[in-house]
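What follows is a short report on a single structure.
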Amino acid sequence: MDKFETLTGIAAPMPLVNIDTDMIIPKQFLKTIKRSGLGANLFDEMRFDRQGNEVSDFVLNQAQYRETEILVAGDNFGCGSSREHAPWAIKDFGIRCVISTSFADIFYNNCFKNGILPIVLPQEQVDVLMKDAEKGSNARMTIDLEGQTVTTSDGEVFTFEVDPFKKRCLLEGLDDIGLTMEKVSAIDSFEAQASAARPWV
Amino acid sequence: MSPKTLYDKIWDAHLAHEAEDGTCLLYIDRHLVHEVTSPQAFEGLRMAGRKVRAPEKTIAVPDHNVPTTPGREDPKNMTEDSAIQVAALDKNAKDFGIHYYPVSDVRQGIVHIVGPEQGWTLPGMTVVCGDSHTATHGAFGALAHGIGTSEVEHVLATQTLIQKKSKNMKVEITGKLRPGVTAKDITLSVIGKTGTAGGTGYVIEYCGEAIRDLSMEGRMTVCNMAIEGGARAGLIAPDEKTFEYCKGRPHAPKGAQWEAALNWWKTLYSDDDAHWDMVVTIKGEDIAPVVTWGTSPEDVLPITAKVPSPDDFEGGKIGAAQRSLEYMGLTPGTPLSDIEIDTVFIGSCTNGRIEDLRAAAEILKGKKIKEGLRAMVVPGSGLVRLQAEEEGLADIFKEAGFEWRLAGCSMCLAMNPDQLSEGERCVSTSNRNFEGRQGYKGRTHLVSPGMAAAAAITGKLTDVREMM
Ligand code: SF4
């Protein structure tokens, strides 16, 4: 998995609440058996009209947001389906960090498996970051995972919480399965004990 | 011993490893797999040279993008990309030796309907699937939740999931429901009250008299939408109804094993003085037949209400309501029961079980759908379809003017050919009314099966109580 240490980049504002995974990547793009290439269809139904032309007022279509690496979004980002195609599309587009007041559970987990950092901050701080993001390419935010901080283009610093295990995996680019495989003897003995206790499973 | 919730008990019974930082490995008893969220996971296994650790606990069925019209066994009748995904599942099931119900098998259907039907889902189990509506299986008192594709790969390889424990929420529905009010109305009303993010970080246990009174089908409907409330999982403590439902299913235990299982299952309830991090109580008699007006499942109101105005909301919801109303083509102040519809969809893992079809058929018996309306019933599984045919329900639907389809997800997410066109307004028994969910610019109103049948007759959103 790709590492995430620090990131300085353009942030795009998406103040809409409840941005769901159907908006992030509509189902017609789930019929792939690959993980790559989904960035072209990120936010497809908001970004393009039916003829495939760009919708000019959609934020990521505006000149100053073409190189967006950070999203600042409304509450409950990523609600809906478990499709990991959502973080795959976000990552493939070039976005490595999403900031919101809350995330849906499965989406939040999926981000970490793909080198994307989801950051939860209180409403007042997200409001400040939303304003900062509105400055477009004139403003760059900095995210520091080790120090757990977000710094606005004006130098204002906010700290965020992150689970220590998830943080380590992201900082070091660790592969979960490999890590769990190291505990295979614990799984073996649990399995033996569980199948003695509940043989019908 | 300190008192525990049902969630605590299942969690403790499946904790395979706990690291110093509190990161846990939860052992998974049943892993359900479908064609859309699994190909990349199997590919990952192959690339790393890994096997499926417990193929006997892994069950696969294609459901999301299979057509629901006859002749679908022939890949030529699927779009090319769908056929590739289904073929990939065929191959992966065979190569890795997991249980499989192909499209041609009468037992095929929506994964969350097939699991319980075949007795794969049992009380006290941990169940996962690369699908958010895995919450459905919580109706059996199983800890069941959706996972992403990387986690699917993790479970395939290790039969465990890396987890942090969630908080405990109790949702109690007290007393009796009024006539015409169903499990769907309960679950939508709970989301209306707590919001789609209200359950984030929690596992919900639904309890109270109104929940106990529900059949297993109804309980599955309630738990199915725990995810729309943001919760990791929904649970209902198993009881005699649960045991009765499980008994004799193909993969349920038999004989002495059944007795042993039963003994354990009977210990699966929340202790009286267990700790709850949040409690929500709703009186059963306060729940009305409801319908959604917007593009989030929390946008829910009794059918007797009027379309709200953005001014009725606060904060970020004002903009969201504005956008929803525009998308849905609705004017504030319009009575919901004046809204005319184009399409009716009865099906999905929320309401595609036999009891749902019975409820809809009961309303439709001897009646015709409104002229010009498109109406479709998609049974949740091949076995539900067969049973409905035996009970004469299929004839009622067909005579009323409904299309009678083969099992699958169909228009719940419109990945197969069953889709809404731009601006088409649909009354649906599924679980999501998101923008574009049932087709580009399609408009969805979520309701119970009875309400869907009533709307099919009048061509408008309709209070089912007027038809009873
Ligand atoms: S019926 Fe709908 S919600 Fe259920 S599994 Fe299929 S697509 Fe998902």
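Heads up: the sequence lines are chains L and R, in that order.
So for the first sequence, the numbering used here puts the first residue at 1; every next one is plus one.
So for the second sequence, the numbering used here puts the first residue at 1001; every next one is plus one.
For glycine and all other residues, C-beta sits at the position ideal for the given N, C-alpha and C.
Asked: Could you tell me whether any Cβ in chain L is nearer than 7 Å to the Cβ of R1046/R?; Found: no
Asked: Would you identify the three-state DSSP class for F1434/R, choosing helix, strand or coil?; Found: coil
Asked: Buried or exposed: N1065/R, going by 16 or more other Cβ atoms within 10 Å of its Cβ?; Found: buried
Asked: Tell me the rounded alpha-carbon separation between M1328/R and M1047/R.; Found: 45 Å
Asked: So, with DSSP's three-state summary, where would you put T101/L?; Found: coil
Asked: Quick one: complete beta strand (DSSP E) runs, 3+ long, within the region 1406 to 1451 of chain R?; Found: 1425 to 1428 and 1443 to 1446
Asked: What is the rounded straight-line gap between the Cα of Y65/L and the Cα of G80/L?; Found: 26 Å
Asked: Interface residues of chain R around R83/L at Cβ under 7 Å?; Found: T1037
Asked: Taking the CB atoms as reference points, tell me whether L1325/R and L1161/R lie closer together than 7 Å.; Found: no
Asked: Out of H1133/R, K1460/R and D1418/R, point me to the one whose CA is closest to V1033/R's CA.; Found: H1133/R
Asked: Since I106/L meets chain R, which of its residues come closer than 9 Å, beta carbon to beta carbon?; Found: S1132, H1145, G1146, I1147, G1148, E1151, I1227 and R1232
Asked: State yes or no: is the C-beta of K1367/R within less than 7 Å of the C-beta of A1400/R?; Found: yes
Asked: Under three-state DSSP, which class holds Q28/L?; Found: helix
Asked: Which residues, in order along the region 61 to 79 of chain L, keep a beta-carbon less than 7 Å from a beta-carbon of chain R?; Found: G74, D75, N76 and C79
Asked: Can you give me the Cβ contacts of T8/L inside the same chain, cut-off strictly under 6 Å, excluding the 5 residues immediately before and after it?; Found: R140 and T142
Asked: Using 7 Å as the threshold, is the C-beta distance between P1449/R and D1356/R below it?; Found: yes
Asked: Are the region 1138 to 1150 of chain R and the region 1234 to 1242 of chain R in contact at 8 Å, needing three or more beta carbon pairs?; Found: yes
Asked: So who's on the other strand from H1154/R, going by DSSP bridges?; Found: Beta-bridge pairing links H1154/R to no other residue.
Asked: Using DSSP with H/G/I as helix, E/B as strand and the rest coil, what is P1075/R?; Found: helix
Asked: Tell me the residue span of the alpha helix (DSSP H) that contains N1351/R.; Found: S1348 to N1351
Asked: Run through the region 1069 to 1139 of chain R for me and flag every whole beta strand (DSSP E) of 3 or more residues, listed as ranges in chain order.; Found: 1126 to 1129
Asked: Are the CB atoms of A1176/R and G1284/R nearer to each other than 7 Å?; Found: In the sequence under discussion, the amino acid at residue 1176/R is Lys, which differs from the Ala named in the question. Taking 7 Å as the Cβ cut-off, K1176/R and G1284/R qualify as a contacting pair.
Asked: Throw me the rounded Cβ distance for the R1072/R and V1103/R pair, which I believe falls under 8 Å.; Found: 6 Å
Asked: With 7 Å as the C-beta to C-beta threshold (strictly closer), list the residues of the region 1437 to 1453 of chain R near chain L in chain order.; Found: R1437 and Y1440
Asked: Distance cutoff 7 Å, beta carbons only. Does A1083/R sit that close to anything in chain L?; Found: no
Asked: Taking the beta strand (DSSP E) that C79/L falls in, what are its first and last residues?; Found: Taken as a continuous stretch (DSSP letters only), C79/L belongs to no beta strand (DSSP E), as it is neither H nor E.
Asked: Return the chain-ordered list of same chain residues with a C-beta closer than 8 Å to the C-beta of L171/L, the five sequence neighbours on each side being excluded.; Found: K3, F4, E5, L145 and E146
Asked: When you compare the CB positions of S82/L and G1230/R, do they come within less than 7 Å of one another, or not?; Found: no
Asked: Could you check which residue in D132/L, E69/L and E84/L has the C-alpha nearest to that of E156/L?; Found: D132/L
Asked: In terms of residue numbering, what span does the alpha helix (DSSP H) encompassing Q1257/R cover?; Found: G1255 to W1265
Asked: In the region 82 to 102 of chain L, which residues sit with their C-beta less than 7 Å from some C-beta in chain R, listed in chain order?; Found: S82, R83, E84 and S102
Asked: Does the beta carbon of E45/L sit closer than 7 Å to a beta carbon anywhere in chain R?; Found: yes
Asked: Taking L47/L as part of the alpha helix (DSSP H), name the residues at either end of that continuous run.; Found: In the sequence as displayed, the identity of residue 47/L is Arg instead of Leu. Segment D44 to R47, the alpha helix (DSSP H) holding R47/L.
Asked: From the DSSP output, read off the bridge partner residues of E1205/R.; Found: K1170/R and L1235/R
Asked: With 7 Å as the threshold, decide whether the Cβ of V128/L is near any Cβ in chain R.; Found: no
Asked: Are there any heavy atoms of the ligand SF4 lying less than 6 Å away from the beta-carbon of L117/L, as far as the coordinates show?; Found: no
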